[in-house]
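Participant: Mind looking over this structure? Questions follow.
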Amino acid sequence: MAVDPNLFGTAYLDAESFRDMAGLFGVGMAFCDYPATNDGNAKLLRVLQAASRAIDAFCAKDFAPADRSEQHALDLTTWQFKVNRPPVTEIVSCTIRYAADGTITIHPSKIYVNNQQRFCEITRDLDGSLMILETIGTELREPQIEVVYKSTQDIPMHVKLACGFQAGHLINSGFADKVLPPNFGKIDMGGLSVNNKKGYRSSEEMSAGSFSPDAERLLKQEINFSVA
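The opening residue of the sequence shown carries number -13 in this note's numbering; numbering runs sequentially from there.
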C-alpha cells in the first residue's frame, strides 16, 4: 500500500535542499538509509515533514504557507503551466477555464509538480475531459488555469534552517536506535548528541532529547513572540 506523500503535512524544507546541506545538518553515516532515489527522497520527505510538525509543537503555532491564487495560460500541447512563486509544496485546487462560463475541475492528485524545472503538468489520467478539449477546442484563445497552491517561499528562512537541523537530529536518532542496543544511552555522532534511552533520564541525558539544540536556538524568537 502506497504511503500518502502528505501524511504529515507540509515540510518546511525540501529534500533537495537538505541533501545539498547534509553536512551542515550533521548527518553522515546515518544518511546512507536515505539514498538519492525516488524511495529515498520519499522517505526523507517524511522525516522533513515530521521535523516540521515538531517545530509546530515546540512553537505552539504553525508556519504553513498561505494559499496563493493565480491565473495562467494553459499550454494545450504539453498541458503544462507555471506559477509565480515556485517551488510549490501543495496544489490546493485547480480549474481549467475553457469558456467564459465553462470550467473543468482538476483534482490536485492529477497534477504533477516539477519544482526543479519549475512547471506543473496535468496528467492524462483523467475522465476524458482533456481529450474533449483537444477535439472540440475552446472558446477562449488561450484556456486558463485557475490554481490555488502553497509555496515554500512563504516559510521564514530561520524556520527552514531549523527544520534541517531537526530532521538531521531525527535521522541520527533513528540510526542510533537501529545500531545501538536498546536503552544504550547517550552517544555523540559527528558533533550531534543522541540518546536512545527510554523512560527516566537524568537532566544531562535530557539535553540529548528529541529536539535539536540548534533548531531550538533558531526558534527561540518565535517562542518569545508568541508569549508576548
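We put the CB at the ideal spot given by N, CA and C, even for glycine.
1) In the DSSP assignment, what are the bridge partners of Ala85?
2) Can you give the beta carbon distance from Glu128 to Thr81, rounded, assuming they're within the 8 Å contact cut?
3) Just to confirm, are Ala201 and Ile41 a CB contact at a threshold of 8 Å?
4) Among residues of its own chain, excluding the 5 on either side of His155, which ones have a beta-carbon nearer than 6 Å to its beta-carbon?
5) Give me the residue from Pro73, Asp53, Leu126 and Trp65 with the minimum Cα distance to Thr109.
6) How long is the line joining the alpha carbons of Gln130 and Ala16, rounded to whole angstroms?
7) Select from Ile90, Asp25, Val99 and Val33 the residue whose C-alpha is nearest the C-alpha of Ser137.
8) Can you check whether the CB of Leu126 is closer than 8 Å to the CB of Arg83?
9) Looking at C-alpha atoms only, which residue of Thr(-4), Ile209, Lys206 and Ser196 is the closest neighbour of Val78?
10) Which of the three DSSP states, helix, strand or coil, is assigned to Phe105?
11) Measure the alpha-carbon distance for Arg39 versus Gln57 and round it to whole angstroms.
12) I need the straight-line Cα distance from Ser159 to Lys206, nearest angstrom please.
13) Please check the pair Asp111 and Ala52, which I expect to be a contact at CB under 8 Å, by giving their CB distance rounded to whole angstroms.
14) For Tyr186, count the other beta carbons within 10 Å of its own beta carbon; 16 or more makes it buried, fewer makes it exposed. Which is it?
15) With distances taken Cα to Cα, identify the nearest neighbour of Glu76 among Asp61, Arg54 and Ala86.
16) Just list the residues that DSSP pairs Ala52 with in beta bridges.
Facilitator: In this structure, then:
1) Translated into the one-based positions of the sequence shown, residue 85 becomes position 99. Beta-bridge pairing links Ala85 to Gly88.
2) Position 142 of the sequence shown, counting from 1, holds the residue named residue 128. Position 95 of the sequence shown, counting from 1, holds the residue named residue 81. Not a contact, Cβ separation roughly 15 Å.
3) Start at 1 with the first residue of the sequence shown, and residue 201 comes out as number 215. Start at 1 with the first residue of the sequence shown, and residue 41 comes out as number 55. Closer than 8 Å, so yes.
4) Along the sequence shown, read from residue 1 onward, the residue named residue 155 stands at position 169. Ser198.
5) Taking the first residue of the sequence shown as position 1, residue 109 is located at position 123. Comparing Cα positions, the closest option is Trp65.
6) Residue numbering aside, residue 130 sits at position 144 when the sequence shown is read from its first letter. Residue numbering aside, residue 16 sits at position 30 when the sequence shown is read from its first letter. In a straight line, the C-alpha of Gln130 is about 46 Å away from that of Ala16.
7) As a first step, residue 137 is located in the sequence shown; it is residue number 151 there, counting from the start. Nearest of Ile90, Asp25, Val99 and Val33 to Ser137, Cα basis: Val99.
8) Working through the sequence shown from its first residue, we reach residue 83 at position 97. Working through the sequence shown from its first residue, we reach residue 126 at position 140. Yes, these two residues count as a Cβ contact at 8 Å.
9) As a first step, residue 78 is located in the sequence shown; it is residue number 92 there, counting from the start. Taking only the C-alpha atoms, the option nearest Val78 is Thr(-4).
10) Looking up residue 105 in the sequence shown gives position 119. Of the three classes helix, strand and coil, the one that applies to Phe105 here is strand, per DSSP.
11) Here residue 39 refers to the residue found at position 53 when the sequence shown is read from its first residue. Here residue 57 refers to the residue found at position 71 when the sequence shown is read from its first residue. Taking the straight line joining both Cα atoms gives about 31 Å.
12) Here residue 159 refers to the residue found at position 173 of the sequence shown. Here residue 206 refers to the residue found at position 220 of the sequence shown. If you take the alpha carbons of Ser159 and Lys206, they lie about 23 Å apart.
13) Looking up residue 111 in the sequence shown gives position 125. Looking up residue 52 in the sequence shown gives position 66. Not a contact, Cβ separation roughly 30 Å.
14) On the sequence shown, residue 186 is found 200 positions in, with the first residue counted as 1. Residue placement at Tyr186 cannot be trusted, given a pLDDT of 44 that sits under 50; the coordinates are not used to answer.
15) Against the sequence shown, residue 76 aligns to sequence position 90. Closest by alpha carbon: Arg54.
16) As a position in the sequence shown, residue 52 is number 66, starting the count at 1. Its beta-bridge partners do not exist; DSSP assigns none.
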